[in-house]
Each structure stands twice: as structure tokens, then as C-alpha cells.
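Accompanying notes for the structure given below.
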Amino acid sequence: MSKEINLCLLKEPFPPEDIEWREQRNGVDRHGRPWAMVLAYVTNRAIQNRLDAVCGLENWKNQFIPGPNGGVLCGISIRVGGEWITKWDGADNTDIESVKGGLSDAMKRAAVQWGIGRYLYNLEATFAQIDENGMYRGVAYASDSDRKARKNPVYFRWNPPALPDWALPQAKGQSEDEPSKAEGKKKAKPKSGQGAPPITAGEWDKLQHLMKNAGVSPADFLKKWKVSSPRELRRNLMPKYEQWVHEKTA
159 MSKEINLCLL KEPFPPEDIE WREQRNGVDR HGRPWAMVLA YVTNRAIQNR LDAVCGLENW
219 KNQFIPGPNG GVLCGISIRV GGEWITKWDG ADNTDIESVK GGLSDAMKRA AVQWGIGRYL
279 YNLEATFAQI DENGMYRGVA YASDSDRKAR KNPVYFRWNP PALPDWALPQ AKGQSEDEPS
339 KAEGKKKAKP KSGQGAPPIT AGEWDKLQHL MKNAGVSPAD FLKKWKVSSP RELRRNLMPK
399 YEQWVHEKTA
């Protein structure tokens with residue numbers, strides 16, 4: 159007889175040590191200082207440990223098959239009520255350790271199909287903390303032309319940002335009747351007088367697209383708003399940023 163499994167436990171947040179971070183994009187501000195936007199992922203080891211703990215060693219398995227365009231698909235199967243249920247997802251092979259990286263990324267995506275780490279999608283991209291003694295290494299370029307030519311690289315180190323409270327495991331003693339903040343929780347708006355959060359990677363991409371159409375350089379845009387890098391731009395000012403660029407287009 160198979161163990162009764164509470165699949166909702168798969169969705170619970172992970173502690174910070176089970177989270178890994180990757181750069182989504184980076185750059186150099188007009189003062190020559192690097193910046194980086196980063197995304198959070200659950201480690202593969204943490205995924206396996208979560209499946210062991212919630213389902214039992216004998217009640218889950220994974221498998222890999224070739225995917226389109228040289229990628230790989232991963233299926234994670236869980237035995238529910240004596241029946242195996244499989245959910246699939248896939249990934250391209252990575253530039254570094256291509257086969258291993260492709261397998262790892264495919265399993266992470268398949269795990270999200272079961273709800274494992276899905277709450278991290280609500281984080282969006284956020285800015286890394288640039289620190290000369292940081293745990294991660296990065297290399298940035300001041301312009302797209304420099305990046306393509308691998309010219310004038312700026313090497314830097316960085317630390318990941320702190321996770322918000324809703325993206326951390328529930329503290330002991332907290333009522334289990336409280337609704338889960340991790341699953342589909344929207345960020346609370348800052349109270350009056352508190353600093354608004356920085357813009358997201360998607361919002362910066364949108365602004366750059368508008369700037370390109372208006373013939374405005376990112377450096378001139380940052381100068382206009384008296385900031386030295388995108389991480390200093392505030393989300394609550396996005397309408398003003400967009401309006402200013404639109405006026406330059408007219």
C-alpha cells in the first residue's frame with residue numbers, strides 16, 4: 159500500500175541555502191560601475207530532498223529523453239494512489255557542461271510543474287549586491303558593441319539579494335491556518351514614506367526599447383533622472399519614465 163502523500167507540501171518555500179542565483183543581464187553605469195540583475199532557482203539537490211521527504215524514496219522517479227533542437231526533456235513521476243503520474247518539461251543544453259547543465263535545468267523545470275519552487279517566479283528579476291568579496295563572479299560591458307567584441311570587460315563579484323519574508327519557510331509557531339504567502343502572493347506596496355522597490359528587468363527592457371525608438375541613450379536617460387544605474391530607478395515612477403521618453407519621440 160502506497161503512502162498517502164500531501165502534494166501541497168511540495169510548494170513550500172526553501173531556506174536560502176537551497177537557492178542558487180544566476181545573472182539574467184548586467185551592464186556598466188556611466189560612472190564605470192557594474193550592475194547585475196539576477197534570478198533565483200532551487201538547487202537540484204534541494205528538489206530531490208523535497209521529493210524524498212514529501213513522497214518517500216520509493217514513490218517518485220525521474221527520466222530524461224532527447225528534446226527538440228538538441229535539448230533534453232525531464233519527466234518527474236510521483237506515485238499517487240498506486241498510480242504513477244508524470245509531468246514533463248525541458249531545457250536547452252547550456253554553454254558550460256552542456257549535457258549536465260541541460261539535465262539539471264530540465265529537472266528544475268519539471269519540478270516547477272509539480273509546484274516545487276514555483277513561488278520564485280513571483281520574485282521577478284532583482285539587483286545583485288555588488289561586493290568585491292562577493293561569492294559570485296561576473297563580467298559586464300558598457301555597451302552592446304563592447305560585449306559583442308569582448309572589449310573593455312569589467313570584472314566584478316556579487317552577492318545575491320535577501321529573500322523577502324514571504325519567500326522563506328514558515329516560522330515555527332506561525333499559524334498553519336494563515337494563507338500561504340508564497341503561492342501567487344503579490345508584493346506589498348511600500349507604505350508612505352518608505353522607498354519604493356527598484357524596477358524589474360522586464361521594466362528596464364521596456365524602457366530601453368522606448369529609448370531606442372526615441373533616439374535616447376541609456377546614459378542620457380539615467381542622467382535625466384539623476385541616477386547612475388538602472389538599480390536606482392523606482393517602480394512607482396515608471397509612468398513618469400515612460401511619459402518622458404514618449405515626449406522625446408514626438
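Count along the sequence shown starting at 1, add 158, and that's the number in the working numbering. Cβ coordinates follow ideal geometry from the N, Cα and C atoms, glycine included. Computed from a prediction, not measured in an experiment: that's the story for all the values here.
Notebook entry, point to check: Alpha carbon to alpha carbon, how far is TRP246 from ALA268?
Noted result: 5 Å
Checklist line | Buried versus exposed call for ALA354 [16 or more other C-beta atoms within 10 Å across all chains shown] | finding: exposed
Margin query: Quick check on DSSP: helix, strand or coil for PHE172?
Written below: coil
Next item on the list: Pull up the CB-CB distance for GLY273 and LYS169, whole angstroms please, since I reckon it's below 8 Å.
Entry: 4 Å
Note to self: Buried or exposed for PRO318, going by 16 or more other Cβ atoms inside 10 Å?
What the structure shows: buried
Checklist line | Buried/exposed call for ALA198, threshold 16 Cβ in 10 Å | finding: buried
Note to self: Since PRO409 and ALA283 should fall inside the 8 Å C-beta cutoff, what is the C-beta to C-beta distance between them, to a whole number of angstroms?
What the structure shows: The question about residue 409 has no answer, for the chain in this structure spans 159 to 408.
Notebook entry, point to check: First and last residue of the beta strand (DSSP E) that includes THR244?
Noted result: 241–249
Next item on the list: State yes or no: is the C-beta of PRO307 within less than 9 Å of the C-beta of GLY296?
Entry: Checking the sequence, you will find Ala at residue 307 rather than Pro. Result no, Cβ atoms of ALA307 and GLY296 do not sit closer than 9 Å.
Checklist line | Anticipated Cβ contact below 8 Å, LEU215 with ALA264, distance rounded | finding: Contact flag wrong, Cβ pair sits at about 22 Å.
Margin query: On a Cα-Cα basis, can you pick out the residue from TRP316, TRP383, ARG237, TRP402 that is closest to ARG188?
Written below: TRP383
Next item on the list: Compute the beta-carbon to beta-carbon distance between PRO388 and ALA298, rounded to the nearest angstrom, for a pair I have assumed lies under 8 Å.
Entry: Their Cβ separation, rounded to whole angstroms, is 12 Å, which puts PRO388 and ALA298 out of contact at 8 Å.
Margin query: Can you find the residues in the same chain that come closer than 8 Å, C-beta to C-beta, to ARG180, ignoring five residues on each side of it along the sequence?
Written below: VAL196, LEU197, TYR199
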